[in-house]
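Protein chains: 2
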Amino acid sequence: MILIKFGGSVITDKSVPLSFRKETVHVMGEAIRVLSESEPVIIIHGGGSFGHYYSVQYDMHTAPRHYSLDGFSIVRNSMVRLNNLILDVLSQCELRPYCCPPSVLVYSNDAPYHNNNNIPNIHNTIPERVRELQTIAESGMCPVTYGDAMWHGSGMSYILSGDVIMEMLSSILRPRLAVFTLNVDGLYESMETKKVIPRMDTRELADIAIPNNPQQNDVTGGMVRKVSVATEICNGGIDVFFVNGNKPDRITDILRGRYTGTYFSSG
Amino acid sequence: MILIKFGGSVITDKSVPLSFRKETVHVMGEAIRVLSESEPVIIIHGGGSFGHYYSVQYDMHTAPRHYSLDGFSIVRNSMVRLNNLILDVLSQCELRPYCCPPSVLVYSNDAPYHNNNNIPNIHNTIPERVRELQTIAESGMCPVTYGDAMWHGSGMSYILSGDVIMEMLSSILRPRLAVFTLNVDGLYESMETKKVIPRMDTRELADIAIPNNPQQNDVTGGMVRKVSVATEICNGGIDVFFVNGNKPDRITDILRGRYTGTYFSSG
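Sequence lines, in order, name chains A and B. If you count the first sequence from 1, position 40 lands on 40 in my numbering, and the numbers rise without skipping. So my numbering is basically just the index in the second sequence, starting at one, shifted up by 1000.
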């Protein structure tokens, strides 16, 4: 089982609202079809210039609050639109995409019971729904879920990012690999040199991944949260890769034991 | 609380694949915005020339079977596409649509536990997720769900129709009214006269609603299943209306105590 995240900056042009990079998704889809012939794959996509764009416009964040209901509705609708575009392309790639919006996978706070295993506690993941995705992937389809605006209960909402979904799914499904596609070649040593760190282990990650530290933010090229999620997944014993999604050979290369990008080694 | 079904033959042209009736949905949306100012509304839409069209092409039905996985994927994707079109229009009508695919509301057979209350037993409805829709509707948004192709477990799938979702939601939420919009003026006395039956009570319904009886099928103009669902809802003590969705005044008229269509009286 492989989890693959389609980064929002790969599948859309983040500088232009509602701009979908159809060709990029198509070449990633073709690469994933090759993977899926030997191993089940689940895809998680970000919001890019669709959901992410509107969530910024309406000042919505990951903490549950009384955000604008207009914003909540618009973010959610824009994700249905982006998801539709992605499903169409993955269908053309003969991946048999199975659409699974993240609301299927988590309870809101309205639910009378919660699940507080090792998942961020606002995300009341429903393990049987997550495991269902594995069964569906193993049956010859390709489940597709995505970051979204979520109902929290009592008029509140929050943004559930695709990166956090990667963490949720990894902790329950324990995939062999978790792959994050980016719009750059990997994790940079520094923004000045833009030299990609080829490999980090969990001890090195403990030094680097300090979320919300502005200095660290510079070091990682705005990827602090992604590194933080990668660290969590890696600490759980799962190998993580950051690769450039614009170069789909790098996705298939991972399976062949070579890679160009950043490898977060759990071993 | 009012449940409104957008019939597939109202919101699409069933004779032309993937044909969306944007203007019709827009005028229904405007009428529903008027309703929603005084009472929460939940919308359920059918598949028409999107999901229904492909489910016929791939010979998929309501009984769980090993249907084509290609067909399953295509039906599901086509419903995301139709749902996206509807959400956009309802957004323009300022209804603040909240997209809720039906997979959120029911467990598949893969789940370790089932819920067999008074719902058709293949549909393992999750009552807390259905009640969540009511909370969301009462908060000032308009939940939108739809008929879809559903994973059943063990490689099987089935079609969950929007009409059956009306029944599921009615039994749990007990709305004040359940309204089915059609592409005709109501339930016909016969296909020859095309005279609309203005009112039926539960006793009369017991005589007419015999599902899968070809003769009855003629009498009701191909609406046997819809009448069967209306009967179930009505037997539960909820008033049901069949109205022409192309004439949106008839939707708002219901609230004003007058109606043009068929009224299934629970009293």
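Cβ coordinates follow ideal geometry from the N, Cα and C atoms, glycine included. Quick caveat: nothing in here was measured; it's all calculated off a predicted structure.
Contact list for residue i against chain A, beta-carbon separation under 9 angstroms
i: Ser1019 of chain B; result: Per Cβ cutoff of 9 angstroms: no residues; Ser1019 of chain B is ~17 angstroms from chain A at best.
Outcome for residue i when other beta-carbon atoms lying within 10 angstroms are tallied against a minimum of 16
i: Met1028 of chain B; result: buried
i: Tyr1113 of chain B; result: Low confidence applies here, because Tyr1113 of chain B scores a pLDDT of 45, under 50, leaving its location unreliable; read the following figure in that light. By the 10 Å Cβ count, Tyr1113 of chain B comes out exposed.
i: Asn1213 of chain B; result: Reliability fails at Asn1213 of chain B, whose pLDDT of 42 lies under 50, so the model's placement of it is uncertain and no value is given.
i: Gln1092 of chain B; result: exposed
i: Pro193 of chain A; result: Sequence inspection shows Thr at residue 193 of chain A; the Pro mentioned does not correspond to that position. With fewer than 16 other Cβ atoms within 10 Å, it is exposed.
i: Ser36 of chain A; result: buried
i: His61 of chain A; result: exposed
i: Arg1096 of chain B; result: buried
i: Val1224 of chain B; result: buried
i: Gly1261 of chain B; result: buried
i: Val16 of chain A; result: exposed
i: Gly1051 of chain B; result: buried
Which of helix, strand or coil DSSP assigns to residue i
i: His1066 of chain B; result: coil
i: Ser265 of chain A; result: strand
i: Val184 of chain A; result: coil
i: Ser161 of chain A; result: coil
i: Lys5 of chain A; result: strand
i: His1061 of chain B; result: coil
i: Tyr53 of chain A; result: helix
i: Leu18 of chain A; result: coil
i: Asp13 of chain A; result: coil
i: Asn235 of chain A; result: helix
i: Pro1248 of chain B; result: coil
i: Pro127 of chain A; result: helix
i: Arg199 of chain A; result: strand
i: Met79 of chain A; result: helix
i: Met150 of chain A; result: strand
i: Thr24 of chain A; result: helix
i: Met168 of chain A; result: helix
i: Leu1205 of chain B; result: helix
i: Pro102 of chain A; result: helix
i: Thr135 of chain A; result: helix
i: Leu95 of chain A; result: coil
i: Ser1036 of chain B; result: helix
Partner residues on chain B for residue i, Cβ-Cβ distance less than 8 angstroms
i: Met141 of chain A; result: Leu1069, Phe1072 and Ser1073
i: Asp88 of chain A; result: Asn1077 and Arg1081
i: Ser108 of chain A; result: Glu1132
i: Ser91 of chain A; result: Ser1073, Ile1074 and Asn1077
Per-residue contacts from residue i into chain A (C-beta, under 7 angstroms)
i: Asn1084 of chain B; result: Val80, Arg81 and Asn84
Within chain B, partners of residue i - CB distance below 7 angstroms
i: Gly155 of chain A; result: Ser1139
i: Arg96 of chain A; result: Leu1069, Asp1070 and Ser1073
i: Ile172 of chain A; result: Result: empty, since nearest Cβ-Cβ is about 14 angstroms, beyond 7 angstroms.
Check whether residue i and residue j have beta carbons under 9 angstroms apart
i: Gly186 of chain A; j: Gly162 of chain A; result: no
i: Val1080 of chain B; j: Met1150 of chain B; result: no
i: Val130 of chain A; j: Leu169 of chain A; result: yes
i: Thr1181 of chain B; j: Val1010 of chain B; result: yes
i: Tyr53 of chain A; j: Leu18 of chain A; result: yes
i: Val75 of chain A; j: Ser103 of chain A; result: no
i: Ser1139 of chain B; j: Leu69 of chain A; result: yes
i: Gly1047 of chain B; j: Ser1073 of chain B; result: no
i: Glu1030 of chain B; j: Pro1248 of chain B; result: yes
i: Pro127 of chain A; j: Ile172 of chain A; result: yes
i: Arg65 of chain A; j: Met156 of chain A; result: yes
i: Ile1042 of chain B; j: Ile1002 of chain B; result: yes
i: Val1227 of chain B; j: Tyr1263 of chain B; result: no
i: Glu1039 of chain B; j: Leu1205 of chain B; result: no
Where residue i meets chain A, residues with beta-carbon distance less than 8 angstroms
i: Val1104 of chain B; result: Pro101, Ser103 and Val104
i: Ile1011 of chain B; result: Chain A residues near Ile1011 of chain B: none, gap ~16 angstroms exceeds 8 angstroms.
i: Ile1136 of chain B; result: Trp151
Close-in-space but distant-in-sequence residues of the same chain around residue i (CB under 7 angstroms, 5 per side omitted)
i: Asp13 of chain A; result: Ser19, Arg21 and Ser49
i: Ala1063 of chain B; result: Tyr1158
i: Glu189 of chain A; result: Lys195 and Ile197
i: Thr1202 of chain B; result: Cys1234, Asn1235 and Ser1266
i: Pro120 of chain A; result: Bear in mind that the predicted position of Pro120 of chain A carries a pLDDT of just 49, short of 50, making it too unreliable to give a figure here.
Spatial neighbours of residue i in its chain, beta-carbon cut-off 8 angstroms, leaving aside the 5 residues before and after
i: Gly1245 of chain B; result: Phe1006, Gly1007, Val1010, Ile1011, Thr1024, Met1028, Thr1181, Leu1182, Asn1183 and Ile1251
i: Ile1238 of chain B; result: Ser1170, Arg1174, Pro1175, Arg1176, Leu1177, Ala1178 and Ser1266
i: Tyr1058 of chain B; result: Tyr1067, Ser1068, Asp1070, Gly1071, Phe1072, Ile1074 and Val1075
i: Met1166 of chain B; result: Leu1003, Lys1005, Ile1044, Ala1178, Phe1180, Val1229 and Ile1233
i: Asp1218 of chain B; result: A caution first: Asp1218 of chain B carries a pLDDT of 38, below 50, which makes its placement in the model unreliable, though a value can still be read off. Only Ser1190 and Met1191 meet the Cβ criterion.
Proximal residues to residue i (C-beta, below 6 angstroms), its chain only, five neighbours per side dropped
i: Tyr1098 of chain B; result: Ile1136, Met1141 and Pro1143
i: Asn1083 of chain B; result: Tyr1146
i: Asp253 of chain A; result: Tyr259
i: Glu132 of chain A; result: none
i: His1152 of chain B; result: Pro1064, Ser1108, Asn1109 and Tyr1158
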